[in-house]
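Numbering (the working numbering), first residue to last: 12 to 133.
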């Protein structure tokens, strides 16, 4: 696992950057339908979703993205640091933040431009 999870992962999920927040799944079954190779049901007495395994191929990554898109309560999370994955999923589903690339010499960065738009001018 590259990053540290922000929330407690379900203990039965496969270890890795993709996880389900412990106790949050409502057993809708939607992620299972779009990511059958990756998402399964827990094998204990509580019916809930878990990651059976982490995605490894491009096709499995697409299934992972589909699981996030299908989740009806946003209990799926990404704890990794891959910028492409964070951009695809969106910051609201990721435990790490994207660092803005520094601006070329003499030009303000995107963050600086945004901050200047909201700066109070007396």
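Cβ atoms here follow ideal geometry from the backbone N, Cα and C, with glycine treated the same way. As the structure is a prediction and not an experimental result, all values here were calculated from the model.
| Item | Value |
| --- | --- |
| Taking the beta strand (DSSP E) that residue 29 falls in, what are its first and last residues? | 29-31 |
| In terms of alpha-carbon separation, which member of 96, 14, 77 lies closest to residue 40? | 77 |
| Going by alpha carbons, who is nearest to residue 66 out of 54, 105, 50? | 50 |
| Where does residue 20 land, buried or exposed, given buried means 16+ other C-beta within 10 angstroms? | buried |
| Report buried or exposed for residue 37, applying the criterion of at least 16 other Cβ atoms within 10 angstroms of its Cβ. | exposed |
| If we call anything under 8 Å between Cβ atoms a contact, is residue 52 one with residue 30? | no |
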